[in-house]
Amino acid sequence: MPLVSVPDRQRHKVFQLPVDLCADYPTWLGDRMSQGQGAHVITINAEMAMQAEQDPELGRAIREADLVIPDGAGVVWYLRLRGRKVRRSPGIELAADLICQAAGLGWQVFFFGGAPGVAAAAAQVWQQQYPTLKVAGVQHGFLSDDERSQLLRDLETKQPQLILVGLGVPRQEFWIREHRHLSPQSIWMGIGGSFDVWSGQKQRAPRLLQQLNLEWTWRLIQEPWRWRRMLALPRFAWRAVTDWS
Numbered sequence: 537m538p539l540v541s542v543p544d545r546q547r548h549k550v551f552q553l554p555v556d557l558c559a560d561y562p563t564w565l566g567d568r569m570s571q572g573q574g575a576h577v578i579t580i581n582a583e584m585a586m587q588a589e590q591d592p593e594l595g596r597a598i599r600e601a602d603l604v605i606p607d608g609a610g611v612v613w614y615l616r617l618r619g620r621k622v623r624r625s626p627g628i629e630l631a632a633d634l635i636c637q638a639a640g641l642g643w644q645v646f647f648f649g650g651a652p653g654v655a656a657a658a659a660q661v662w663q664q665q666y667p668t669l670k671v672a673g674v675q676h677g678f679l680s681d682d683e684r685s686q687l688l689r690d691l692e693t694k695q696p697q698l699i700l701v702g703l704g705v706p707r708q709e710f711w712i713r714e715h716r717h718l719s720p721q722s723i724w725m726g727i728g729g730s731f732d733v734w735s736g737q738k739q740r741a742p743r744l745l746q747q748l749n750l751e752w753t754w755r756l757i758q759e760p761w762r763w764r765r766m767l768a769l770p771r772f773a774w775r776a777v778t779d780w781s
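Numbering (the working numbering), first residue to last: 537 to 781.
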C-alpha cells in the first residue's frame, strides 16, 4: 500500500524548546506508524516551558521528543507574536483523535496512570463509544513493585500501538523516556489528567472558556492548589515580549 500523504511538520522554538506545527497531527503520527516508527508525543504549555528552564532533564526530554504540540494558550500567543500561524491543540483532544484512529485501524491501546480505577473507567467509556477498540491493558499509577514489573512485561510482550500515560508533568515525560525502548514502534503520549475527565471524575472547561483560551482558569477553580504553579504564567508572558533571541 502507498504511504499516506501528510502535511508538512514545521518545527519552531519557544525559548530553546521545540514546538511542532502541523495541520493534522493524527495523520502525521499514523504515517510514522505505517513506516514502522514510533513516537514520543509531548504537549507543551507556558507552565511546562518555564518548568523546563529550571529542570534541565525536563528540557532534554522535550527536545528529544518526536512531536511537541502547542497545548497551551501561552505557547500559541508566543508564536503568534513572532508571526507564526498557529492554533491551540489540546493534548486531550489529540489523544481522543488517536483513540478514534486506533479503533478504526485495529490498534491496541494501553491506558496507564491516574488513581486506582480511573484509567479502567476511562477505558470502559471509550470501549462503549468504540466497540471495536482493542484495549491491550489498563494500570493505575500507584504501583507496587510487583505491579510495576508486570506492567513493563506487558508492554514489552503486547507491543500496543498507542500507550497513553497519565502521570502528570514531568513524571510522565521522564517515565516514557525511560521505558520507551520496551515498545519502540508505539506512539507514547503523556496525557496528564485526561483519564479523570474521560472517566467523569472531573469536568473539562466549558466550551466558551476553551474557545477563549481560558481553560487554565477552570483548572484553577477545580484545583486551587495549582495557584503556585500558575505564577509561571506572568513570568512566561514577560519573557515572551522581552526575549527575541
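Where is the CB? At the ideal position from N, CA and C, for every residue including glycine.
**OP:** Starting from the C-beta of residue 542, find all residues in its chain whose C-beta is less than 7 Å away, skip the five residues before and the five after it, and write them out in chain order.
**Re:** In the sequence shown, residue 542 corresponds to position 6, counting from 1. No answer about residue 542 holds up, because its pLDDT of 47 lies below 50 and its placement is not dependable.
Subject >> Ordered list of alpha helix (DSSP H) runs contained in the stretch 608–664, each at least 4 residues >> reply: 609–617, 627–641
Original post:
Tell me which same chain residues have a C-beta within less than 6 Å of the C-beta of residue 670, skipping the five on either side of it?
Top reply: As a first step, residue 670 must be located in the sequence shown, where it is residue number 134. Hits under 6 Å: 644.
Original post:
Is it true that the CB of residue 727 sits closer than 8 Å to the CB of residue 631?
Top reply: As a first step, residue 631 must be located in the sequence shown, where it is residue number 95. As a first step, residue 727 must be located in the sequence shown, where it is residue number 191. For residue 631 and residue 727, yes; Cβs fall inside 8 Å.
Original post:
Would you say residue 649 and residue 691 are within 8 Å of each other, going by their C-beta atoms?
Top reply: Start at 1 with the first residue of the sequence shown, and residue 649 comes out as number 113. Start at 1 with the first residue of the sequence shown, and residue 691 comes out as number 155. Their beta carbons are not under 8 Å apart, which means residue 649 does not touch residue 691 by this criterion.
**OP:** Would you list, in sequence order, the uninterrupted beta strand (DSSP E) runs of no fewer than 3 residues that lie entirely inside the stretch 663–715?
**Re:** 670–675, 698–702
Original post:
Of all the options 720, 554, 545, which has the alpha carbon lying nearest to the alpha carbon of residue 584?
Top reply: Taking the sequence shown and counting its residues from 1, one reaches residue 584 at position 48. The candidate whose alpha carbon is nearest that of residue 584 is 554.
**OP:** Under 8 Å by Cβ, that's how I've got residue 594 and residue 696 pegged, so tell me the actual separation to the nearest angstrom.
**Re:** Residue mapping note: residue 594 aligns to position 58 of the sequence shown, counting from 1. Residue mapping note: residue 696 aligns to position 160 of the sequence shown, counting from 1. At roughly 25 Å, the Cβ-Cβ gap does not stay under 8 Å, so residue 594 and residue 696 are not in contact.
Original post:
Going by other Cβ atoms of all chains shown within 10 Å of its Cβ, with 16 needed for buried, is residue 675 buried or exposed?
Top reply: Counting from one through the sequence shown, the residue named residue 675 turns up at place 139. When all chains shown are included, residue 675 counts as buried.
Subject >> Range of the contiguous alpha helix (DSSP H) that encloses residue 585 >> reply: If you number the sequence shown from 1, residue 585 lands on position 49. Where residue 585 is concerned, the enclosing alpha helix (DSSP H) stretches over 582–590.
Original post:
Do you know offhand how far residue 776's Cα is from residue 743's?
Top reply: Translated into the one-based positions of the sequence shown, residue 776 becomes position 240. Translated into the one-based positions of the sequence shown, residue 743 becomes position 207. If I take the Cα positions, the gap works out to 27 Å.
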